[in-house]
Amino acid sequence: NVGEFVRVEVDPDNPAVAVIRIDRPKALNALNGRVTEEIAEAAARVSSDDSVRAVVLYGGERAFVAGADIKEMAELTHAKMLEYSRALQNALTAVARIPKPVVAAISGYALGGGCELALCADFRVVGAKARLGQPEILLGVIPGAGGTQRLPRLIGPAKAKDLVFTGRHVKAEEALEIGLADRVVEDDEVYSAAVELVARYADGPAVALAAAKEAIDRGLETDLDTGLEIERLQFSGLFATEDQKAGMRGFIEQGPGKATFE
Ligand code: HXC
3 NVGEFVRVEV
13 DPDNPAVAVI
23 RIDRPKALNA
33 LNGRVTEEIA
43 EAAARVSSDD
53 SVRAVVLYGG
63 ERAFVAGADI
73 KEMAELTHAK
83 MLEYSRALQN
93 ALTAVARIPK
103 PVVAAISGYA
113 LGGGCELALC
123 ADFRVVGAKA
133 RLGQPEILLG
143 VIPGAGGTQR
153 LPRLIGPAKA
163 KDLVFTGRHV
173 KAEEALEIGL
183 ADRVVEDDEV
193 YSAAVELVAR
203 YADGPAVALA
213 AAKEAIDRGL
223 ETDLDTGLEI
233 ERLQFSGLFA
243 TEDQKAGMRG
253 FIEQGPGKAT
263 FE
């Protein structure tokens, strides 16, 4: 257990799948300073634990996360908010950098900082009645935990601007249509569908999966030439792994897809 509001659990049917469970139901899992710290700690734990091969972010049935804690933020000064927003951005970036496949299992509300947390996963499985969005504009502010950056990278600038300018809630079907959701399922199947989605990567070569994730994510943050260089270095680096030897020897000796990895 990480702390008061965030737990790291192991999925009972898939011991290689860890669940970062956010549990502050009285405030619909709103991210206060404590929750933010605990999310950063949970991200560090699942990142460094070799028995974890894939990760699910889950907030329970009623809400994924309804945003940063408005009651905690309301009276902060400019100087305090500079610190507060840095802590939140750092925690969410720690999630985005987990070197393993990560899926957000979204049931209920994923708003503001909650939507921004979901953007830090590799995939989003969304319940039919879920609502996603960046309602900060309705509070007189803007997304501050990565939403102005990660949302347009995922769904494109015009769609991101529509969501950020209006603050409207997006339903599951629209989320799927605009690429904010990857799968829509019945609300009571969100968790199991999310586990199923990432469990299929859990037997893959862990170092190569981490390299693929890093090359794609870092590459998207830079120009093509630099991205190709990141790819070339990551690719070449994998020739120092047992998995590369097992993978290529397995092909030569037994045929495609027969290799087993550590
Ligand atoms: C603090 C929150 C909260 C939040 C909900 N609650 N969201 N508290 N911060 N973001 C609390 C409510 O005050 C209430 O507490 C309890 O959770 C249940 O919420 P209700 O509003 O009664 O539920 P419901 O009527 O079902 O409405 C759900 C909702 C609404 C649509 C999700 O709560 C809502 O609009 N929440 C705010 C969403 C939002 O604006 N998020 C963006 C935050 S800004 P009590 O004690 O009254 O029972 C942000 C910026 C990030 O995220 C960047 C920072 C650096």
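The sequence shown runs 3 to 264 under the UniProt record's numbering. C-beta atoms are modelled at their ideal positions from N, C-alpha and C, and glycine is treated no differently.
Provide the residue(s) that pair with residue i in DSSP beta bridges, ordered along the chain.
i, result
"D13", "N16"
"I157", "Answer is none; I157 lacks a bridge partner."
"F125", "V105"
"G48", "For clarity, residue 48 is Val in the given sequence; the question names Gly instead. Answer is none; V48 lacks a bridge partner."
"I24", "V8"
"R185", "V127"
"L134", "A112, V172"
"L33", "A70"
Count the other C-beta atoms from every protein chain shown that fall within 10 angstroms of the C-beta of residue i, then say buried if there are 16 or more, exposed otherwise.
i, result
"M75", "buried"
"I254", "exposed"
"F7", "buried"
"P145", "buried"
"E40", "buried"
"F66", "buried"
"K102", "buried"
"G259", "exposed"
"R23", "buried"
"P207", "buried"
"E118", "buried"
"R202", "exposed"
Does the ligand HXC have even one heavy atom less than 7 Å from the beta-carbon of residue i?
i, result
"D25", "no"
"L119", "no"
"K73", "yes"
"A147", "yes"
"A56", "no"
"residue 2", "Because residue 2 is not part of the residues shown, which for the chain are 3 to 264, the question remains open."
"L90", "yes"
"A29", "yes"
"E138", "yes"
"Y111", "yes"
"G62", "no"
"G5", "no"
"G114", "yes"
"S87", "yes"
Out of the options, state which residue places its alpha-carbon closest to the alpha-carbon of residue i.
i, options, result
"residue 277", "A107, I232, A32", "Lying before the first or after the last residue shown, residue 277 is absent from the chain, which here runs from 3 to 264."
"A120", "A210, V4, A93", "A93"
"L230", "A217, A242, P103", "A217"
"I100", "T262, I232, R220", "R220"
"V127", "A147, D189, D71", "D189"
"K28", "A42, A68, T228", "A68"
"S238", "V209, A32, A112, S109", "V209"
"V104", "G158, V19, I232, E223", "V19"
Shorter than 8 Å from the beta carbon of residue i to some beta carbon of chain C?
i, result
"G115", "In summary, chain C is missing from the structure at hand, where a single protein chain is found."
As an exercise, report each continuous alpha helix (DSSP H) stretch of at least 4 residues that is fully enclosed by the region 192-242, in chain order. 192-201, 208-222, 226-239
Quick one: complete alpha helix (DSSP H) runs, 4+ long, within the region 53-85? 72-75
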